[in-house]
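Visitor: Shown below is the structure under consideration.
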């Protein structure tokens, strides 16, 4: 018999969304927090720029809403955008109360005022930050509080395998999840009264990404298999400026560099962004990423360059210490020379459909953060709205979950995981080959610029891979790579199907076959078992 754990609330994911929710619920419920790796590993930890919120008296919630709508290019849910913007300041004040240390303004005689920076697409300075390592500060602060809380059990090195629906219920109702304990290498079950997906995005589906290795779309794939709709999966944000260096890995050069005056240049030193958009380097990310991609292809260049060396040396070191240290270690001096950059997959704007409370289509199942589709981002996410969405919707979900913690709900004995007909694989090379093939054709065929032919080729390849991986999954014991690959190939199919359905170019979805905006455009909604989009 496999081990079964029981709790009131199961939170799958340990980034800003999951940690916030755990802390908001722990005084009211017994919580299990599942972390795929160490608790500090995840996209939140690597987020450099900051979090958008109106703190400046010259700024306004309406301006934040308007900037978000412009970036979202006609596909944002206006009510959700306003809900997020109006809850931003309170959410940041909650983070500050937890001990998150945002940078304060210099020479300040008016009490506590925060240093606000500006990023692409924003009309005002409204980005709270902790130097250039905001996500790291948020992650470490919240994780430390979670680890000390007596009613939160943290399961590190544990992969969620699949959500479990109650077999006796007439409608879909989640009762927990199977997890793979990587320490014991056993599949275990967790029964929960409420289950929350906070697993982040799916950028690892692409060959080049700014995300850590764990961003493999697990929550989206599990929710889809459990019966949840997904929306806007075609909108994958490519961050324009990742450091181009063989030893840089997935190192991101924050948009705040451009907010503080950095310019983009060709290899010959000439500036090019004013030729593409009147907002130049402060245009939204989709515009900047396409411009860099276009110039690289036009010139046959390996990269473009980001230059802030015209700013004062002390200013650069003070505001961007993490970037200065990292680039210096690789042999660059950003105070004297430009840095080589390329676009890389960065953020999944679509995801599991939820309402304002974080509820999905399946009873007792919630989704918050990058795994979800709220309607906030539309066709393109505005910079520094991502961590904001995590905290705002985690707090909203917490308030809703508190009303649904029925102590009378029975604990259900979950069917044990059956490994009697599987064996250990001696063909790990198959997983590695499929892994590389998937990420490469997604980059080549479903990347920054798309065509119908490329999407058709990608769909053909992903269907073959999906069948091959499913066959492999049925015959061999689970492993980290196999679980992630199974989820990535499912998410890749959803991205391709969504992209094929959108017969226009809008925001992050750009296709040479339909370069114009369509009239009356709506979110792309996919429903499980139909593979057909449902516009509405």
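Numbering (our numbering), first residue to last: 9 to 544.
Quick reminder that beta carbons are idealized off the backbone N, C-alpha and C, glycines included.
Every value quoted in this text rests on a predicted model; they were computed, and no experiment measured them.
Determine the DSSP secondary structure at residue 240, reduced to helix, strand or coil.
Guide: One-based indexing of the chain shown puts residue 240 at position 232. The answer is coil: DSSP assigns residue 240 none of H, G, I, E or B.
Visitor: Tell me where the alpha helix (DSSP H) around residue 401 begins and ends.
Guide: As a first step, residue 401 is located in the chain shown; it is residue number 393 there, counting from the start. Taken as a continuous stretch (DSSP letters only), the alpha helix (DSSP H) holding residue 401 covers 394-410.
Visitor: Spell out the partners DSSP gives residue 163 in its beta bridges.
Guide: The residue given as residue 163 occupies position 155 in the chain shown. DSSP lists 42 as partners of residue 163.
Visitor: Could you give the distance in angstroms between the alpha-carbon of residue 68 and the alpha-carbon of residue 425?
Guide: The count along the chain shown starts at 1 and reaches residue 68 at position 60. The count along the chain shown starts at 1 and reaches residue 425 at position 417. The alpha-carbon atoms of residue 68 and residue 425 are separated by roughly 53 Å.
Visitor: Is the separation between the beta-carbon of residue 314 and that of residue 349 shorter than 8 Å?
Guide: Looking up residue 314 in the chain shown gives position 306. Looking up residue 349 in the chain shown gives position 341. Yes, Cβ-Cβ distance for residue 314 and residue 349 is below 8 Å.
Visitor: Alpha carbon to alpha carbon, how far is residue 86 from residue 525? Give it in angstroms, no decimals.
Guide: Walking along the chain shown from the start, residue 525 turns up at place 517. Walking along the chain shown from the start, residue 86 turns up at place 78. Roughly 20 Å between the two C-alpha positions.
Visitor: In or out: residue 539 buried (at least 16 other Cβ within 10 Å) or exposed?
Guide: Residue numbering aside, residue 539 sits at position 531 when the chain shown is read from its first letter. Confidence at residue 539 is low in this model, with a pLDDT of 47, below 50, so the placement of that residue should be treated as unreliable; the coordinate-derived value is given next. That one is exposed.
Visitor: Tell me where the beta strand (DSSP E) around residue 184 begins and ends.
Guide: For this step, residue 184 is matched to residue 176 along the chain shown. Run containing residue 184: 182-189, per the beta strand (DSSP E) assignment.
Visitor: Three or more C-beta pairs closer than 8 Å, one from the stretch 336-352 and one from the stretch 239-256: is that the case here?
Guide: Yes, since at least three Cβ pairs between the stretch 336-352 and the stretch 239-256 fall closer than 8 Å, the two stretches touch.
Visitor: From residue 243 to residue 327, what distance separates their C-alpha atoms?
Guide: By 1-based counting over the chain shown, the position of residue 243 is 235. By 1-based counting over the chain shown, the position of residue 327 is 319. C-alpha separation (whole angstroms): 31 Å.
Visitor: Does DSSP put residue 364 in a helix, in a strand, or in coil?
Guide: Start at 1 with the first residue of the chain shown, and residue 364 comes out as number 356. Here residue 364 sits in coil by DSSP.
Visitor: Closest to residue 3 by C-alpha separation, out of 276, 405, 295 and 265, would be which residue?
Guide: The structure shown has nothing for residue 3, since the chain only spans 9 to 544.
Visitor: Just list the residues that DSSP pairs residue 355 with in beta bridges.
Guide: Taking the first residue of the chain shown as 1, we reach residue 355 at position 347. Residue 355 pairs with 245.
Visitor: Considering only the beta carbon of each residue, do residue 174 and residue 183 sit closer than 8 Å?
Guide: Taking the chain shown and counting its residues from 1, the one referred to as residue 174 is at position 166. Taking the chain shown and counting its residues from 1, the one referred to as residue 183 is at position 175. It is a contact, given that the beta carbons lie within the stated cut-off.
Visitor: Please go through the stretch 32-87 and give each complete beta strand (DSSP E) segment of 3 or more residues, from N-terminal end onward.
Guide: The qualifying runs are 39-42.
Visitor: According to DSSP, is residue 376 helix, strand or coil?
Guide: Mapped onto the chain shown, residue 376 falls at position 368. Residue 376: coil per DSSP, three-state reduction.
Visitor: Mapping DSSP to helix, strand and coil, what is residue 196?
Guide: Here residue 196 refers to the residue found at position 188 of the chain shown. Residue 196: strand per DSSP, three-state reduction.
Visitor: Can you list, in chain order, the residues of its chain with a C-beta nearer than 8 Å to that of residue 544? Leave out the 5 residues immediately preceding and following it.
Guide: Counted from its first residue, the chain shown places residue 544 at position 536. Residue placement at residue 544 is flagged as unreliable, the pLDDT there being 32, under the threshold of 50; a coordinate-derived value is accordingly withheld.
Visitor: Measuring CB atoms only, is the stretch 296-312 touching the stretch 334-342, in the sense that at least three cross pairs come out at less than 8 Å?
Guide: The stretch 296-312 is not in contact with the stretch 334-342.
Visitor: Measure the alpha-carbon distance for residue 155 versus residue 162 and round it to whole angstroms.
Guide: Your numbering for residue 155 matches position 147 in the chain shown. Your numbering for residue 162 matches position 154 in the chain shown. If you take the alpha carbons of residue 155 and residue 162, they lie about 7 Å apart.
Visitor: Can you tell me the Cα-Cα spacing of residue 2 and residue 369, whole angstroms?
Guide: Not covered by the structure: residue 2. The range shown for the chain is 9 to 544.
Visitor: Apply the 10 Å Cβ neighbour rule to residue 252 and answer buried if 16 or more other Cβ atoms are within range, or exposed otherwise.
Guide: In the chain shown, residue 252 corresponds to position 244, counting from 1. Residue 252 comes out buried.
Visitor: What does a CB cutoff of less than 6 Å around residue 202 pick up in its chain, not counting 5 residues either side in sequence?
Guide: For the purposes of this step, residue 202 is identified with residue 194 of the chain shown, where counting begins at 1. Closer than 6 Å at the Cβ level, and outside the excluded window around residue 202, lie 17, 372 and 409.
Visitor: So, is residue 57 buried or exposed, given that buried needs 16 or more other C-beta atoms within 10 angstroms?
Guide: As a working note, residue 57 is residue 49 in the chain shown. Classification of residue 57: buried, given that the 10 Å Cβ count is 16 or more.
Visitor: Take residue 546 and list the residues in its own chain whose beta-carbon comes closer than 8 Å to its own, dropping the five residues that flank it on each side.
Guide: Any question about residue 546 goes unanswered here, given that the chain covers just 9 to 544.
Visitor: Following the continuous beta strand (DSSP E) through residue 313, name the residue where it begins and the one where it ends.
Guide: The residue labelled residue 313 in the question sits at position 305 within the chain shown. Note, residue 313: beta strand (DSSP E), 312-315.
Visitor: Residues in its own chain within less than 7 Å of residue 442 by CB, not counting five upstream and five downstream?
Guide: For the purposes of this step, residue 442 is taken as residue 434 along the chain shown, with counting starting at 1. The residues are 473, 476, 477 and 493.
Visitor: Please identify the residue among 77, 204, 106 and 128 whose C-alpha is closest to the C-alpha of residue 25.
Guide: Looking up residue 25 in the chain shown gives position 17. When each option's Cα is compared against that of residue 25, the closest is 204.
Visitor: Can the beta-carbon of residue 359 be found less than 8 Å from the beta-carbon of residue 381?
Guide: Numbered from its first residue, the chain shown carries residue 359 at position 351. Numbered from its first residue, the chain shown carries residue 381 at position 373. Yes, they are a contact pair.
Visitor: May I ask you to report which of helix, strand or coil DSSP gives residue 446?
Guide: Residue mapping note: residue 446 aligns to position 438 of the chain shown, counting from 1. If DSSP states are grouped into helix, strand and coil, residue 446 belongs with the helices.
Visitor: To the nearest angstrom, how far is it from the Cα of residue 260 to the Cα of residue 386?
Guide: Taking the first residue of the chain shown as position 1, residue 260 is located at position 252. Taking the first residue of the chain shown as position 1, residue 386 is located at position 378. Rounded to the nearest angstrom, the two C-alpha atoms are 23 Å apart.
Visitor: For the beta strand (DSSP E) that contains residue 16, what are its first and last residues?
Guide: Here the question's residue 16 lines up with position 8 in the chain shown. Note, residue 16: beta strand (DSSP E), 12-20.
Visitor: Since residue 130 and residue 391 are thought to touch, with beta carbons under 8 Å apart, how far apart are those beta carbons, to the nearest angstrom?
Guide: In the chain shown, counting from the first residue as 1, residue 130 sits at position 122. In the chain shown, counting from the first residue as 1, residue 391 sits at position 383. Residue 130 to residue 391, Cβ: 7 Å. Contact.
Visitor: Quick check on DSSP: helix, strand or coil for residue 91?
Guide: If you number the chain shown from 1, residue 91 lands on position 83. Residue 91 falls in the helix class under three-state DSSP.
Visitor: At which residues does the beta strand (DSSP E) containing residue 491 begin and terminate?
Guide: The residue given as residue 491 occupies position 483 in the chain shown. Run containing residue 491: none in the beta strand (DSSP E); it sits in the alpha helix (DSSP H), 488-509.
Visitor: Can you look up residue 122 in the DSSP assignment and give me helix, strand or coil?
Guide: Locating residue 122 in the chain shown gives position 114, where the first residue counts as 1. Reduced to three states, the DSSP call for residue 122 is strand.
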